[in-house]
(Lines of atoms letter the chains of each structure in order from A and count residues from 1; the text may use other names and numbers.)
(Lines give C-alpha, C1' and ligand atoms only; values in the text may rest on other atoms or scores of the structure.)
Protein backbone atom coordinates (compact mmCIF):
# COMPACT_ATOMS: atom_id res chain seq x y z
CA UNK A 1 0.00 0.00 0.00
CA UNK A 2 2.83 2.37 0.85
CA UNK A 3 4.45 1.72 -2.54
CA UNK A 4 1.17 2.49 -4.32
CA UNK A 5 0.80 5.80 -2.47
CA UNK A 6 4.41 6.68 -3.22
CA UNK A 7 3.89 5.98 -6.93
CA UNK A 8 0.75 8.10 -6.93
CA UNK A 9 2.53 10.98 -5.21
CA UNK A 10 5.45 10.97 -7.63
CA UNK A 11 3.42 10.41 -10.82
CA UNK A 12 3.32 13.66 -12.81
CA UNK A 13 1.69 12.39 -15.99
CA UNK A 14 -1.08 14.72 -17.07
CA UNK A 15 0.24 17.64 -15.05
CA UNK A 16 1.18 19.56 -18.20
CA UNK A 17 -2.29 19.09 -19.68
CA UNK A 18 -3.87 20.38 -16.48
CA UNK A 19 -1.55 23.39 -16.46
CA UNK A 20 -2.40 24.22 -20.07
CA UNK A 21 -6.08 23.84 -19.26
CA UNK A 22 -5.78 26.28 -16.37
CA UNK A 23 -3.91 28.79 -18.55
CA UNK A 24 -6.60 28.52 -21.25
CA UNK A 25 -9.34 29.02 -18.67
CA UNK A 26 -7.67 32.14 -17.26
CA UNK A 27 -7.16 33.60 -20.74
CA UNK A 28 -10.81 32.89 -21.57
CA UNK A 29 -11.97 34.67 -18.43
CA UNK A 30 -9.82 37.70 -19.25
CA UNK A 31 -11.19 37.85 -22.80
CA UNK A 32 -14.79 37.48 -21.65
CA UNK A 33 -14.35 40.01 -18.86
CA UNK A 34 -12.67 42.58 -21.07
CA UNK A 35 -14.96 42.22 -24.06
CA UNK A 36 -17.65 44.47 -22.56
CA UNK A 37 -15.32 47.38 -21.93
CA UNK A 38 -13.62 46.98 -25.31
CA UNK A 39 -17.00 46.85 -27.05
CA UNK A 40 -18.18 50.06 -25.42
CA UNK A 41 -14.88 51.84 -26.15
CA UNK A 42 -15.09 50.85 -29.83
CA UNK A 43 -18.73 51.94 -29.97
CA UNK A 44 -17.85 55.35 -28.55
CA UNK A 45 -14.95 55.74 -31.00
CA UNK A 46 -17.10 54.90 -34.02
CA UNK A 47 -19.85 57.24 -32.86
CA UNK A 48 -17.32 60.06 -32.46
CA UNK A 49 -15.99 59.44 -35.98
CA UNK A 50 -19.50 59.37 -37.45
CA UNK A 51 -20.47 62.57 -35.64
CA UNK A 52 -17.36 64.40 -36.86
CA UNK A 53 -17.86 63.16 -40.42
CA UNK A 54 -21.48 64.32 -40.38
CA UNK A 55 -20.46 67.72 -39.02
CA UNK A 56 -17.76 68.10 -41.69
CA UNK A 57 -20.17 67.69 -44.61
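Residue numbers (the working numbering): 8 to 64. Every residue gets a Cβ at the ideal spot worked out from N, C-alpha and C, and that includes glycine.
Under the three-state reduction of DSSP, residue 8 is assigned to coil, being neither helix nor strand. The beta carbon of residue 28 sits closer than 8 Å to none of the beta carbons in its chain outside the five residues before and after it. Straight-line measurement puts the Cα of residue 30 at about 17 Å from the Cα of residue 41.
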